[in-house]
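Engineer:
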Amino acid sequence: MGLLDREFSDGNIVIAKTEDLLNWARLSSLWQLSFGLACCAIEMMATSASHYDFDRFGVIPRPSPRQADIIIISGTVTLKMATRIKRLYEQMPDPKYIISMGSCSNCGGPYWEHGYHVLKGVDRVIPVDVYVPGCPPRPEALLEGLIKLQEKIRHETLRKKTA
Amino acid sequence: MDKLISNDVKTEELVLNMGPQHPSTHGVLRLVVELEGELIVNVKPYIGYLHRCFEKHCEAMTYPQVVPYTDRMDYLASMSNNLGYAIAVERLMGIEVPERVEYIRVIMAELQRIASHLVALGTYGVDIGAFTPFLYCFIAREKILNLFEMTCGARLLYNYIWVGGLSHDIHPDFVRLTKEFIEYFKPKIVELNELLSFNKIFIERTANVGILPLETAVNYGVTGPVLRASGLKWDLRKNDPYSIYHKFDFDIPVGDGRMGTVGDSWDRYFVRVREMEESLKIIEQAIDQIPDGDVKAAIPRRIKPPKGTIYSRTENPKGELGYFIISDGSVNPFRVKVRAPSFVNLAVIGEMSKGHLVADLIAILGSLDIVLGEIDR
Amino acid sequence: MKTPGEIFEILKEKFGDKITGIETELPVEPVISVDPLAIKEVCEFLRDNDDLRFDTLMSLAGVDDANGEKTKDEDGYDIIKGGTLSVYYHLDSIQKGHKVTLKVSVEREKPEVESVESVWRAADWHEREAFDMYGIVFLNHPDLRRILMPEDWQGHPLRKDYKNPEYYQGMKVPY
Ligand code: SF4
Numbered sequence: 122m123g124l125l126d127r128e129f130s131d132g133n134i135v136i137a138k139t140e141d142l143l144n145w146a147r148l149s150s151l152w153q154l155s156f157g158l159a160c161c162a163i164e165m166m167a168t169s170a171s172h173y174d175f176d177r178f179g180v181i182p183r184p185s186p187r188q189a190d191i192i193i194i195s196g197t198v199t200l201k202m203a204t205r206i207k208r209l210y211e212q213m214p215d216p217k218y219i220i221s222m223g224s225c226s227n228c229g230g231p232y233w234e235h236g237y238h239v240l241k242g243v244d245r246v247i248p249v250d251v252y253v254p255g256c257p258p259r260p261e262a263l264l265e266g267l268i269k270l271q272e273k274i275r276h277e278t279l280r281k282k283t284a
Numbered sequence: 422m423d424k425l426i427s428n429d430v431k432t433e434e435l436v437l438n439m440g441p442q443h444p445s446t447h448g449v450l451r452l453v454v455e456l457e458g459e460l461i462v463n464v465k466p467y468i469g470y471l472h473r474c475f476e477k478h479c480e481a482m483t484y485p486q487v488v489p490y491t492d493r494m495d496y497l498a499s500m501s502n503n504l505g506y507a508i509a510v511e512r513l514m515g516i517e518v519p520e521r522v523e524y525i526r527v528i529m530a531e532l533q534r535i536a537s538h539l540v541a542l543g544t545y546g547v548d549i550g551a552f553t554p555f556l557y558c559f560i561a562r563e564k565i566l567n568l569f570e571m572t573c574g575a576r577l578l579y580n581y582i583w584v585g586g587l588s589h590d591i592h593p594d595f596v597r598l599t600k601e602f603i604e605y606f607k608p609k610i611v612e613l614n615e616l617l618s619f620n621k622i623f624i625e626r627t628a629n630v631g632i633l634p635l636e637t638a639v640n641y642g643v644t645g646p647v648l649r650a651s652g653l654k655w656d657l658r659k660n661d662p663y664s665i666y667h668k669f670d671f672d673i674p675v676g677d678g679r680m681g682t683v684g685d686s687w688d689r690y691f692v693r694v695r696e697m698e699e700s701l702k703i704i705e706q707a708i709d710q711i712p713d714g715d716v717k718a719a720i721p722r723r724i725k726p727p728k729g730t731i732y733s734r735t736e737n738p739k740g741e742l743g744y745f746i747i748s749d750g751s752v753n754p755f756r757v758k759v760r761a762p763s764f765v766n767l768a769v770i771g772e773m774s775k776g777h778l779v780a781d782l783i784a785i786l787g788s789l790d791i792v793l794g795e796i797d798r
Numbered sequence: 611m612k613t614p615g616e617i618f619e620i621l622k623e624k625f626g627d628k629i630t631g632i633e634t635e636l637p638v639e640p641v642i643s644v645d646p647l648a649i650k651e652v653c654e655f656l657r658d659n660d661d662l663r664f665d666t667l668m669s670l671a672g673v674d675d676a677n678g679e680k681t682k683d684e685d686g687y688d689i690i691k692g693g694t695l696s697v698y699y700h701l702d703s704i705q706k707g708h709k710v711t712l713k714v715s716v717e718r719e720k721p722e723v724e725s726v727e728s729v730w731r732a733a734d735w736h737e738r739e740a741f742d743m744y745g746i747v748f749l750n751h752p753d754l755r756r757i758l759m760p761e762d763w764q765g766h767p768l769r770k771d772y773k774n775p776e777y778y779q780g781m782k783v784p785y
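Sequences listed follow chains A, B and C, in order.
Under the numbering used here, the first residue of the first sequence carries the number 122, and numbering increases by one thereafter.
Under the numbering used here, the first residue of the second sequence carries the number 422, and numbering increases by one thereafter.
Under the numbering used here, the first residue of the third sequence carries the number 611, and numbering increases by one thereafter.
Given below as structure tokens:
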């Protein structure tokens, strides 16, 4: 949303649609539930560390689901963990977003066939906004996923959905 | 503990549940802590939240196909996992690999050890409340990952060390860049020491906390830096040599109780720091001697070990990684059991944390350096 | 430092026919078979004997030997009747620098082994894992629960005739 991203040099009144303003505020400070599952979590850590710097997109890790806007499912979701993930998701306040990171949480990944204890895709228990493919996805891929999510939020509307 | 709680006050034990989502459990670990006020009476770990059925997969895969799955156990030290598996199968089949392969394997495993320890040390700082060292550690780790990436194209899970050889030869620039890395990294260890190791607050939080007596450690089967911090010079690279480690000159750091008691959390931390120095020494010696040659041994296309069993172990960054393989003479392993170092090391936590404060539990857990992928497999 | 052969001789002398044999024709390491109910005594002896001093248990692995009678059910899954399950013990002596592998075999229908948890605490979790994965019951284990799988899971997944459930708590399991 062009206007709000610009620098304001004269005057400090901005006229914008509420929708745009809210969306802009939401997408620029997506607080992430600091929650790692498996190998992908290491790449997520690398993304938030010095080299890739997740912070510049406004993503700050929060330890509590009640303060988080976004949860990145980074790794294999097992059946034992699935119910816990669902509960974490339910504890998050609206609006909440989910990035599914890595093949495992997309579809079971390398464990799709013989993994008797692996949930074949986290979308079987909670809704997913953005899928990031890869095993593990590179940090750049995760960043791209986040930007995709931001684009999605930018076009959200407050109006009730018809249909 | 008795002194603190007088007998006529009615007290009740509190059961606190930590995890499976908790920022300092290093993954999906759940600890049920019984408390008497602030003091820990007992800690019971509940694991299995990341059980990915590794051993079942092995039975359905052929021997080479297992390698990518070994990557995913201790995902902070994939190279070392690959190495352990490759060595186990090679021993079972009686294969000798070319000299060049051995050298490259050792270099990779030691680089991996540094990378793994960097994560351990960095996140340990975060657990204690020092965030900055984490960022510094990850800068250095990123450089190692770049070296791995130019070798095999992956940043985290390499699938590089194969049965009978390597998946690719090293990049022509690898030797030069590794040397550059060694020069770059040496002062970084000093920096890390100044930043964290000898920091007063850090010492206060970790020295004399979570003391693990040697006898307990041995009885629990604890290995790796955790065992060495308790004062035993036990390193499979020296005590049960594999690959070509006997050719190199390096020390085995042990805990000496410099800041408190032998076997406390600070010792465990510092053993890792010193191991990084030793790993650098090994790489320095190896990097100049890599012989020319092939990176694949002459092995049959279909890997079919003879009937038999083998238990083969290597020194992972976390401790003794054992592969127990039963072969029934077919192309699939009949049974692969992994003796994961973190699995064994975690079991001792209840013993270590008795009588400590809740806040110390985090310090103790961090000092064990566990990886859930390997505990649950 | 003793070879597995020598250790076998020592054990045979001490325990007689509770030591059931040694397999030496295997390519890498010999395996000494022990009676499942005597394993604890044997391990205690191995730990405390001055010549042996096996102070750590490196690993303990359950195995499904799958040597029973195999039939198929209507979905094509294996059903195994009879035969044995085994437990392998890998012992190591830090003081003496020798290693040995022990093995016990129990009937598939009644898999009961004496626990060695009181000999080496390291056995605690390994035995729980073997129980979880194979249903091998370790007698006198203080806390024999499932360790990796959820408490309410049915069956023992690493058995060769294990059949995947269709649903677990309303979640579909197969792909
Ligand atoms: S997608 Fe790959 S890297 Fe990510 S958790 Fe699964 S196995 Fe690990």
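Each residue gets a CB set at the ideal place from its N, CA and C atoms; glycine is no exception.
Do D734 of chain C and I757 of chain C count as a contact pair if the criterion is CB distance below 7 angstroms?
Structural biologist: For the purposes of this step, residue 757 of chain C is taken as residue 147 along the third sequence, with counting starting at 1. For the purposes of this step, residue 734 of chain C is taken as residue 124 along the third sequence, with counting starting at 1. No, the Cβ-Cβ distance between I757 of chain C and D734 of chain C is not below 7 angstroms.
Engineer: At 8 angstroms on the CB atoms, spell out the chain B contacts of V641 of chain C, in chain order.
Structural biologist: Locating residue 641 of chain C in the third sequence gives position 31, counting from the first residue. Correct list: T730.
Engineer: Where does M422 of chain B land, buried or exposed, given buried means 16+ other C-beta within 10 angstroms?
Structural biologist: In the second sequence, the residue the question calls residue 422 of chain B occupies position 1. For M422 of chain B, the pLDDT reaches just 49, beneath the cut-off of 50, and the residue's location in the model is therefore unreliable, although a value from the coordinates is still provided. M422 of chain B is exposed by the Cβ-count criterion.
Engineer: Below 7 angstroms CB to CB, which residues in the same chain sit around A509 of chain B once its five sequence neighbours on both sides are set aside?
Structural biologist: Translated into positions along the second sequence, residue 509 of chain B becomes position 88. Counting only Cβ-Cβ distances below 7 angstroms, and skipping sequence neighbours, we find I731, S733, Y744 and I746.
Engineer: Kindly list, in the order they appear in chain B, the residues whose Cβ is closer than 9 angstroms to that of V710 of chain C.
Structural biologist: In the third sequence, the residue the question calls residue 710 of chain C occupies position 100. Those within 9 angstroms of V710 of chain C in chain B number zero; the least Cβ separation is about 10 angstroms.
Engineer: The beta strand (DSSP E) with I791 of chain B in it runs from where to where?
Structural biologist: Along the second sequence, read from residue 1 onward, the residue named residue 791 of chain B stands at position 370. Careful: I791 of chain B lies outside any beta strand (DSSP E) and carries neither H nor E.
Engineer: Please list, in chain order, all residues of the same chain as S195 of chain A whose beta carbon is under 6 angstroms from its beta carbon, the five residues on each side excluded.
Structural biologist: Start at 1 with the first residue of the first sequence, and residue 195 of chain A comes out as number 74. So the qualifying residues of the chain are G157, L158, C161, A162, M165 and M222.
Engineer: Cβ of T197 of chain A versus every heavy atom of the ligand SF4: is any distance shorter than 6 angstroms?
Structural biologist: Counting from 1 along the first sequence, the entry for residue 197 of chain A is found at position 76. The answer is yes for T197 of chain A.
Engineer: Under the rule that 16 or more other beta-carbon atoms within 10 Å means buried, what is D685 of chain C, buried or exposed?
Structural biologist: The sequence position of residue 685 of chain C within the third sequence is 75, counting from 1. That one is exposed.
Engineer: Is the beta carbon of S669 of chain C less than 7 angstroms from the beta carbon of R760 of chain B?
Structural biologist: The sequence position of residue 669 of chain C within the third sequence is 59, counting from 1. The sequence position of residue 760 of chain B within the second sequence is 339, counting from 1. Yes.
Engineer: What separation, rounded to the nearest whole angstrom, lies between the Cα atoms of D660 of chain C and K709 of chain C?
Structural biologist: As a working mapping, residue 660 of chain C is identified with position 50 in the third sequence. As a working mapping, residue 709 of chain C is identified with position 99 in the third sequence. Going from the Cα of D660 of chain C to the Cα of K709 of chain C covers about 15 angstroms.
Engineer: By a C-beta neighbour count over all protein chains shown, 10 Å radius and 16 as the cutoff for buried, is G740 of chain B buried or exposed?
Structural biologist: To locate residue 740 of chain B, count along the second sequence from 1; it is residue 319. Classification of G740 of chain B: buried, given that the 10 Å Cβ count is 16 or more.
Engineer: Following a CB-centred definition, is P674 of chain B positioned closer than 6 angstroms to any heavy atom of the ligand SF4?
Structural biologist: Walking along the second sequence from the start, residue 674 of chain B turns up at place 253. It does not: the Cβ of P674 of chain B is nowhere closer than 6 angstroms to a heavy atom of the ligand SF4.
Engineer: Could you have a look at V436 of chain B and say whether DSSP puts it in helix, strand or coil?
Structural biologist: Taking the first residue of the second sequence as 1, we reach residue 436 of chain B at position 15. Residue state, collapsed to three classes: strand.
Engineer: Select from B:S686, B:D709, B:E601 and B:T553 the residue whose C-alpha is nearest the C-alpha of V770 of chain B.
Structural biologist: Along the second sequence, one-based indexing puts residue 770 of chain B at 349. Here residue 770 of chain B is Ile; the residue named in the question, Val, does not match the sequence. Out of B:S686, B:D709, B:E601 and B:T553, B:S686 has the C-alpha closest to the C-alpha of I770 of chain B.
Engineer: Looking at the ligand SF4, does it come within less than 6 angstroms of S499 of chain B, judged from the CB to the closest heavy atom?
Structural biologist: Mapped onto the second sequence, residue 499 of chain B falls at position 78. Answer for S499 of chain B: no, Cβ out of range of the ligand SF4.
Engineer: Answer yes or no: the CB of S763 of chain B versus the heavy atoms of the ligand SF4, is any distance below 6 angstroms?
Structural biologist: Indexing the second sequence from 1 puts residue 763 of chain B at position 342. No; taking the cut-off as 6 angstroms, the Cβ of S763 of chain B has no heavy atom of the ligand SF4 nearer than that.
Engineer: Tell me whether F552 of chain B is buried or exposed, calling it buried when 16 or more other Cβ atoms sit within 10 Å of its Cβ.
Structural biologist: Your numbering for residue 552 of chain B matches position 131 in the second sequence. Classification for F552 of chain B: exposed.
Engineer: Less than 7 angstroms between CB atoms is the rule here; does N258 of chain A satisfy it with respect to chain B?
Structural biologist: Taking the first residue of the first sequence as position 1, residue 258 of chain A is located at position 137. Note that residue 258 of chain A is Pro in the sequence shown here, rather than Asn. With 7 angstroms as the cut-off, P258 of chain A does not count as an interface residue toward chain B.
Engineer: May I ask you to check if the CB of S224 of chain A is nearer than 6 angstroms to at least one heavy atom of the ligand SF4?
Structural biologist: For this step, residue 224 of chain A is matched to residue 103 along the first sequence. S224 of chain A: yes, Cβ under 6 angstroms from the ligand SF4.
Engineer: At least one CB of chain A closer than 7 angstroms to the CB of M743 of chain C: is that the case?
Structural biologist: Stepping through the third sequence from its first residue, residue 743 of chain C is reached at position 133. No, M743 of chain C lies away from the interface with chain A (no Cβ there is under 7 angstroms from its Cβ).
Engineer: Taking three-plus beta-carbon pairs below 8 angstroms as touching, is the segment 233-241 of chain A in contact with the segment 188-205 of chain A?
Structural biologist: yes
Engineer: Looking at the secondary structure, which residues open and close the alpha helix (DSSP H) in which A640 of chain B lies?
Structural biologist: As a working mapping, residue 640 of chain B is identified with position 219 in the second sequence. Rather than Ala, the amino acid found at residue 640 of chain B in this sequence is Asn. L635 to N640 is the extent of the alpha helix (DSSP H) around N640 of chain B.
Engineer: Taking the runs of the beta strand (DSSP E) that are 3 residues or longer, which of them lie wholly in the segment 460-529 of chain B?
Structural biologist: Listed in chain order, they are 460-467.
Engineer: Span of the alpha helix (DSSP H) holding H443 of chain B?
Structural biologist: The residue labelled residue 443 of chain B in the question sits at position 22 within the second sequence. Element bounds for H443 of chain B: n/a, residue is neither H nor E.
Engineer: With hydrogens ignored, establish whether the beta-carbon of A167 of chain A is closer than 6 angstroms to any heavy atom of the ligand SF4.
Structural biologist: Here the question's residue 167 of chain A lines up with position 46 in the first sequence. Taking 6 angstroms as the cut-off, the C-beta of A167 of chain A does not count as close to any heavy atom of the ligand SF4.
Engineer: Looking at chain B, which residues of the segment 712-735 of chain C have a Cβ within less than 8 angstroms of any of its Cβ atoms?
Structural biologist: Here the close residues are W730, R731, A732, D734 and W735.
Engineer: Tell me whether F619 of chain B is buried or exposed, calling it buried when 16 or more other Cβ atoms sit within 10 Å of its Cβ.
Structural biologist: Sequence index remark: in the second sequence, residue 619 of chain B carries index 198 (1-based). Exposed, because fewer than 16 other Cβ atoms sit within 10 Å of the Cβ of F619 of chain B.
Engineer: Would you tell me roughly how many angstroms separate the C-alpha atoms of L639 of chain C and D702 of chain C, rounded to the nearest one?
Structural biologist: Against the third sequence, residue 639 of chain C aligns to sequence position 29. Against the third sequence, residue 702 of chain C aligns to sequence position 92. First, the amino acid is wrong: residue 639 of chain C is Glu here, not Leu. Taking the straight line joining both Cα atoms gives about 13 angstroms.
Engineer: Step through the CB atoms of chain A and report whether any lies within less than 7 angstroms of the CB of I560 of chain B.
Structural biologist: Against the second sequence, residue 560 of chain B aligns to sequence position 139. Yes, I560 of chain B counts as interfacial toward chain A.
Engineer: Counting beta carbon pairs with one atom in the segment 621-635 of chain B and one in the segment 683-702 of chain B, are three or more of them shorter than 8 angstroms?
Structural biologist: Touching, per the Cβ criterion.
Engineer: Checking the sheet assignment: what are the DSSP bridge partners for F745 of chain B?
Structural biologist: Here residue 745 of chain B is taken as the residue at index 324 of the second sequence, counted from 1. For F745 of chain B, which the question treats as bridged, DSSP gives the partners B:Y732 and B:K758.
Engineer: How about the segment 491-503 of chain B and the segment 573-590 of chain B: do they share at least three Cβ pairs that are nearer than 8 angstroms?
Structural biologist: yes
Engineer: Cβ of A203 of chain A within 6 angstroms of any heavy atom in the ligand PLP?
Structural biologist: Absent from the structure shown: the ligand PLP. Ligands present: the ligand SF4.
Engineer: Kindly indicate which residue of B:S763, B:A507 and B:I796 has the alpha-carbon position closest to the one of G645 of chain B.
Structural biologist: Residue numbering aside, residue 645 of chain B sits at position 224 when the second sequence is read from its first letter. It is B:S763 whose Cα lies nearest to the Cα of G645 of chain B.
Engineer: Under the rule that 16 or more other beta-carbon atoms within 10 Å means buried, what is T681 of chain C, buried or exposed?
Structural biologist: Taking the first residue of the third sequence as 1, we reach residue 681 of chain C at position 71. Classification for T681 of chain C: exposed.
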